[in-house]
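Chemist: Taking our numbering, the leading residue of the sequence shown gets 15, the next gets one more, and so forth.
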Amino acid sequence: MTSPLLTPAAPAPPAAAPRRRTRWHTAALLVVLLCAAYLGQRHWPVVASGADRLAAADRGWLLLAATAALATWACAALAQQGAVAERLPRGRLLAAQFAASAANHVLPAGLGAGAVNLRFLMRCGLPAGRSAGALAVKAVAGALARGVLIAVLAVLCPGVLSLPEVPVTALAAAGAVAVPAAVLLCGPLRARWGRAVSAVGADIRAVHARPHRAAALWGGSFAFAAAHALVVIAVVQAVGLPLSPLRVALLYLAASSAAALLPTPGGLGSLDAALAFALTSAGAPGTAAASAVLGYRLLTVWLPLIPGLLVLGVLIRRRAV
């Protein structure tokens, strides 16, 4: 006769694990909804004042700006597809980019978008290393595309950008600090950075071995930067600023590149100040420049923020990210 002490425990009911997952998904969705409500309540005065400022703006240009803002997520999805060799599900890929843009405005320095896209790629079956490599490939292509656009526009609009004058003593002091630091860190970081660069280089070569993937990567990267610039151009035209579209595009790309150096969520604060300063430096009145910045932020951040966080909650609940 079997001793009661040796009797195996009865297995848990099959529905226990799904119920636990459902509870976790529901809790995650509630957290997302609470964050959305908090952000909406906290920044509602900004949204309301921006809407009042843009009430008299040209509706046709604002419609064009809104269309360009919608296109940014499609461009991001195209670039992300081009960064991996495998075919990704189109609908979930586009939804993930929409959700990632909202998450990017909650966490600093692009951590939100990176986390959402990393989880999405892993849910699509890519290993963690390859998923991180795909994000790195997309980031490198985006930075290079932005740099190329700035260089081309700087040639077409001479005199708009000028490098600040840096005193020789400041350069010498920076060199005196940077050189010893580089010598001290070179040894410990050389192997780690070397492996990371080699991995990203291998991913880039794998993508460019497929011409249609390379076209998607670079086409999406250039189109993403151009679509954001078009949003600013259309808003500037809507509020009646007397600036040429090429100059506005150059000012926006330069301002957004400078704002990326500050780790604020989605460039909030840093991009606003840099873009307003760039527009006023180009001759725009201060109030009109502020209205243009608010219009750009309304279309690319505030209006899509709550829907984007809701989509993120749905993706989490469905285990798509």
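We treat Cβ as the ideally placed atom computed from N, Cα and C, and that holds for glycine.
Please read these numbers as outputs of a predicted model, since none were measured by experiment.
Suppose the cutoff is 7 Å on Cβ atoms and the five residues either side in sequence are ignored; what does the same chain contact list for P127 look like?
Modeler: Residue 127 is actually Ala in this sequence, not Pro. Excluding sequence neighbours, A127 sits near A114, S115, A117 and N118.
Chemist: How should V315 be labelled, buried or exposed, when 16 other C-beta atoms within 10 angstroms of its C-beta is the threshold for buried?
Modeler: Answer is buried; the Cβ neighbour count reaches 16.
Chemist: For a quick check, are the C-beta atoms of A93 and A263 less than 8 Å apart?
Modeler: Their beta carbons are not under 8 Å apart, which means A93 does not touch A263 by this criterion.
Chemist: Measure the CB-CB distance between A148 and F236 and report whether it falls below 8 Å.
Modeler: Against a cut-off of 8 Å, the Cβ pair of F236 and A148 comes out as no contact.
Chemist: With the cut-off set at 8 Å, would you say A302 and L260 are in Cβ contact?
Modeler: Not closer than 8 Å, so no.
Chemist: When burial is assigned at 16 or more other CB atoms within 10 Å of the CB, is S284 buried or exposed?
Modeler: Buried, since its Cβ has 16 or more Cβ neighbours within 10 Å.
Chemist: If you scan the stretch 240–310 from start to end, which runs of the alpha helix (DSSP H) of 4 or more residues do you find wholly inside it?
Modeler: DSSP runs (the alpha helix (DSSP H)) wholly in the stretch 240–310: 259–273 and 284–295.
Chemist: Please report the distance separating the alpha-carbon of P299 from that of L77.
Modeler: Their backbone Cα atoms lie some 23 Å apart in a straight line.
Chemist: Measuring CA to CA, which of L121, I218, Q95 and R331 is closest to L319?
Modeler: Among L121, I218, Q95 and R331, the Cα nearest to that of L319 belongs to L121.
Chemist: In the structure shown, what three-state DSSP assignment does R333 receive?
Modeler: Reduced to three states, the DSSP call for R333 is coil.
Chemist: Could you tell me if S295 is buried or exposed, where buried requires 16 or more neighbouring beta carbons within 10 angstroms of its beta carbon?
Modeler: With fewer than 16 Cβ atoms within 10 Å of its Cβ, S295 is classed as exposed.
Chemist: Taking DSSP as the reference, what is the three-state secondary structure of A90?
Modeler: Looking at A90 - three-state DSSP - the assignment turns out to be helix.
Chemist: Look up L10 in the DSSP assignment and say whether it is helix, strand or coil.
Modeler: As displayed, the chain neither begins before 15 nor continues past 335, which places residue 10 out of reach and without an answer.
Chemist: I need the DSSP call for G96, collapsed to helix, strand or coil.
Modeler: G96 falls in the helix class under three-state DSSP.
Chemist: Could you tell me which of G322, R332, L265 and R331 sits nearest to V307, measuring between CA atoms?
Modeler: Among G322, R332, L265 and R331, the Cα nearest to that of V307 belongs to L265.
Chemist: Quick one: what's got a C-beta closer than 8 Å to A184's C-beta in the same chain, skipping five residues either side?
Modeler: The predicted model places A184 with a pLDDT of 49, which falls under 50 and marks its position as unreliable; any figure quoted below should be read in that light. So no residue of the chain qualifies.
Chemist: Where do the ends of the alpha helix (DSSP H) carrying A153 lie?
Modeler: Start and end: A142 to L170.
Chemist: Here's a check: name, in chain order, each residue in its chain whose Cβ is nearer than 7 Å to the Cβ of G322, leaving out the five neighbours to either side.
Modeler: So the list reads F112, A113, S115 and A116, once near-sequence residues are dropped.
Chemist: Which residue wins for smallest C-alpha separation from S270, given the options A290, S258 and V253?
Modeler: The shortest C-alpha separation from S270 is found at A290.
Chemist: Could you have a look at L185 and say whether DSSP puts it in helix, strand or coil?
Modeler: Residue placement at L185 is flagged as unreliable, the pLDDT there being 46, under the threshold of 50; a coordinate-derived value is accordingly withheld.
Chemist: Out of L317, V335, G327 and L313, point me to the one whose CA is closest to A82's CA.
Modeler: Among L317, V335, G327 and L313, the Cα nearest to that of A82 belongs to L313.
Chemist: How many Å lie between A150 and F134 at the Cα?
Modeler: In a straight line, the C-alpha of A150 is about 15 Å away from that of F134.
Chemist: Going by beta-carbon coordinates alone, are A79 and A248 separated by less than 8 Å?
Modeler: For A79 and A248, yes; Cβs fall inside 8 Å.
Chemist: Please classify H226 as buried or exposed, where buried requires at least 16 neighbouring CB atoms within 10 angstroms.
Modeler: With fewer than 16 Cβ atoms within 10 Å of its Cβ, H226 is classed as exposed.
Chemist: Cβ of G309 within 8 Å of Cβ of L84?
Modeler: No. Outside cutoff.
Chemist: If you compare alpha carbons, which of G156, A334 and C138 is closest to R101?
Modeler: The residue with the shortest Cα to Cα distance from R101 is C138.
Chemist: By a C-beta neighbour count over all protein chains shown, 10 Å radius and 16 as the cutoff for buried, is G143 buried or exposed?
Modeler: G143 is exposed by the Cβ-count criterion.
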